[in-house]
Amino acid sequence: MRAPRYPAAIWRPGPAWKTSGARLETRAAVGHSGEGRLAGILAVLNGSKESSWTLTFPQDGSPPLQHYPMDALVWHAKGANAWSFGWETEGIAGEPIEGAQERQVADFLAWCLAESWLPMLSRSGPSQTLLRHEEVGVQAQPPYVTACDSHRHNWDNIIRLATPQEDDDMWKGEMFRVATSPHVWWTNYETRRWIQTPAEAEAYKAAGIKVTVIPQGLQSLLYNIPPTPGSETP
Ligand SMILES: [Zn+2]
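Okay, so the sequence shown: first residue is 1 according to the numbering used here, each after it adds one.
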């Protein structure tokens, strides 16, 4: 059973009358540009215009607001409503979705994959799952014209951020914290040494090195690096 609510979102329901019940099919997602600031976008949602969408992503990168369950048939892209969900993004044409806002969109799409709301993240071919609103006009009936999303989504970036990377990074500089209590051991596989203190580990994190917790016992099994004497922190 797919979760109807994105756990990282803040639930901010839209008007109940602005849906056509449940959507029976989901094969794509549509990214929109809100063409305005958050307050104005939410005013449209709560107003009389026959327009509704699933989530809104604030420009400052704070968590998205979810207005309807994932399977609600909302009114965001006319003929595509029957087979897609859609989100609005705070901001206007000329303001690319980047930084924290882009990260939020990517994190949401990663969740959509995990929950099977989308089978893949694809921008081309018969199995295309990610659409700019403007592109819906080609597939929807009746055709209509819009400039949305004004090319604000950088789909290559978003797909890359949403898709787990190859494990190669692990051997280049990923750092692991061994989850063992009461000791805390850290290691970096570039230097192949154990890091003694959480403060030192924080310095690695500050340098952009990913930190992963691995279960007790796996450190020697996986990496054959025994903890060095004195590497324990109470
Ligand atoms: Zn749109």
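Each residue gets a CB set at the ideal place from its N, CA and C atoms; glycine is no exception.
The structure displayed is predicted, hence computed values, not measured ones.
{"Item": "Reduced DSSP secondary structure (H/G/I, E/B, other) of R160", "Value": "helix"}
{"Item": "Reduced DSSP category for G36 - H, G, I as helix; E, B as strand; rest coil", "Value": "strand"}
{"Item": "H153 to V145 span [Cα, whole Å]", "Value": "18 Å"}
{"Item": "Proximity of L130 and S122 at Cβ, strictly below 8 Å", "Value": "yes"}
{"Item": "Environment of I10 [buried if 16+ CB atoms lie within 10 Å]", "Value": "exposed"}
{"Item": "Between the CA atoms of A199 and S127 - distance to the nearest angstrom", "Value": "47 Å"}
{"Item": "Extent of the continuous alpha helix (DSSP H) to which V111 belongs", "Value": "In the sequence on display, residue 111 carries Trp and not Val. From DSSP, the alpha helix (DSSP H) with W111 extends over 99-114."}
{"Item": "Residue interval of the beta strand (DSSP E) (run including E25)", "Value": "Note, E25: premise wrong, no beta strand (DSSP E); not H, not E."}
{"Item": "Cβ contact check for the segment 74-91 and the segment 28-44: 3 or more pairs under 8 Å", "Value": "yes"}
{"Item": "Beta-carbon proximity of L55 to G14, cut-off 8 Å", "Value": "no"}
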